[in-house]
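Working notes for the structure below.
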Amino acid sequence: MPDGKVRDYRVCTRCVMDTTDPDITFDAAGVCSNCHRFETSIRPYWKPDAAGAAELDALLHEIRTKGAGKPYDCIIGLSGGVDSSFLATKLLEWKLRPLVVHVDAGWNSELAVNNIEMILSKLGLHLDTVVIDWNEMRDLQRAFLKSHVANQDIPQDHAYTAALVRKALEHDIRYVISGTNFATEGVLPQGWGYDAMDATQLRDIHRRFGEGTLKAYPVMEFQDYFGTMQQRLRFIAPLNFMPYDKTAAIAHLEQNFGWRYYGGKHYESIWTRWFQAHYLPTKFGYDKRKAHLSSLIVAGSMTREAALRELDKPLYTDNELTDDTAFVAKKLGLTVDELEGYLTAPPRHYSDYSTNAAQIEQFCRRKSRKARLRQIATRFSKDLPRRIAGKLSSMLASPKS
9 MPDGKVRDYR VCTRCVMDTT DPDITFDAAG VCSNCHRFET SIRPYWKPDA AGAAELDALL
69 HEIRTKGAGK PYDCIIGLSG GVDSSFLATK LLEWKLRPLV VHVDAGWNSE LAVNNIEMIL
129 SKLGLHLDTV VIDWNEMRDL QRAFLKSHVA NQDIPQDHAY TAALVRKALE HDIRYVISGT
189 NFATEGVLPQ GWGYDAMDAT QLRDIHRRFG EGTLKAYPVM EFQDYFGTMQ QRLRFIAPLN
249 FMPYDKTAAI AHLEQNFGWR YYGGKHYESI WTRWFQAHYL PTKFGYDKRK AHLSSLIVAG
309 SMTREAALRE LDKPLYTDNE LTDDTAFVAK KLGLTVDELE GYLTAPPRHY SDYSTNAAQI
369 EQFCRRKSRK ARLRQIATRF SKDLPRRIAG KLSSMLASPK S
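Per the working numbering, residue 9 is the first one in the sequence shown, and the count goes up by one each step.
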């Protein structure tokens, strides 16, 4: 948890991350720890070259071979955003037979819905939609607002992953195709949020601040996340094995599929737009554009000067903010004053609530072989809190492990 000490404001000389990241450090040249982490922990696994193309070909052959004789050989979640939409168009080129799933948590923008429809109609794919029970979703989101933690996207993100995994298991699909990618997501400060898949924290916050029960909402428990899911499913991120330029992807989608851009990363969700562009900067001082733009800088697809110009633009116009705030408040059953009141109340840290840290440590000790620990650390390093990632590293270094 941040120590509360006030630091002099400073910006990285390579990217645009700054001291609003509570964990940021700088080297003698002023280059930040996020940039160094990208070079040491991410770039070695990012292969937009001939080696990556060969590895991707082998993965695609494996998916087709293992899925032969089944109705589907893979599954993909389609949000209507850039990454998943672009990836969906590639699957048919690769001669895969995907089950396309959309998880509707109640916050789709009209553009997102239209984008999904345009992609599916052009590709001739069927869509399996999972609708999250809105009464439970609303109750959970209101509970998270009352918790005052930074990551208010947890109710959405947890539901998306849990529902997708359930569909994969239901249809005996082993391969989950993910649009996550290092080209646009290589920088994301751990101090700005928390792991959306920690069911212990989700249940604790709902127990403290929720009003109903979570019966239909898809909770993925610890043993499912670290046990069943690893044993029965394999997550594949094809965009990490090929050149991926987001601007080119948008142009491809617009020209060939009638797809339309919605203005910001993950802004296909009205809630995420309001959360990232208003809640986080107002309550915590976090502007997620800095992480998104820094990702493009370290990946070599944007200059630092261009990123700084983007940051000079307002997060919202006054009219858009008024409209979105009114919409969010009404949908959550709150007045605008009640909703804005959550932004002015003191922020809380995720560590103020129960987490699955003890379960992770016990799990790692049971699976104490170094190879197993390396697998977990590599696969989940970007999602785990720094303190847990540190424990994994310590255990790897221990001669007793």
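Glycine included, C-beta positions come from ideal geometry on N, C-alpha and C. Please read all numbers here as calculations on a predicted model, not as lab measurements.
For F292 and P355, believed in contact at Cβ under 8 angstroms, the rounded distance: 6 angstroms
Touch test, the stretch 297-310 against the stretch 186-200, Cβ-Cβ under 8 angstroms, three pairs minimum: Contact between the stretch 297-310 and the stretch 186-200 is present: three or more C-beta pairs spanning the two stretches fall below 8 angstroms.
As assigned by DSSP and simplified to three states, the class of A32: In the sequence on display, residue 32 carries Ile and not Ala. Reduced to three states, the DSSP call for I32 is coil.
Nearest to K103 (by Cα), restricted to the options D232, A204, L133: L133
Where T21 falls, given that 16 or more other Cβ within 10 Å makes a residue buried: Exposed, since its Cβ has fewer than 16 Cβ neighbours within 10 Å.
Residue range of the beta strand (DSSP E) that includes L107: 106-112
Outcome for V139 when other beta-carbon atoms lying within 10 angstroms are tallied against a minimum of 16: exposed
Integer-rounded CB distance, given that Q164 should sit under 8 angstroms from W279: 6 angstroms
For D326 and R146, the rounded distance between their alpha carbons: Approximately 26 angstroms, taken between the alpha carbons.
Validate contact between the stretch 122-131 and the stretch 252-267 using beta carbons, cut 8 angstroms, 3 pairs: Verdict: yes, contact present.
Close-in-space but distant-in-sequence residues of the same chain around R72 (CB under 8 angstroms, 5 per side omitted): Apart from the 5 residues on each side of it in sequence, R72 sits with its Cβ closer than 8 angstroms to the Cβ of D81, K103, L104 in its chain, given in chain order.
Close Cβ partners of A170 (< 7 angstroms) along its chain, the five nearest in sequence each way excluded: P226, V227, M228
Terminal residues of the alpha helix (DSSP H) in which I127 lies: Taken as a continuous stretch (DSSP letters only), the alpha helix (DSSP H) holding I127 covers 118-131.
Paired residues, beta bridge with V138 - DSSP: V111
First and last residue of the uninterrupted alpha helix (DSSP H) at G349: 344-352
DSSP-derived helix/strand/coil call for Y361: coil
C-alpha distance - S155 paired with F217, whole-angstrom precision: 7 angstroms
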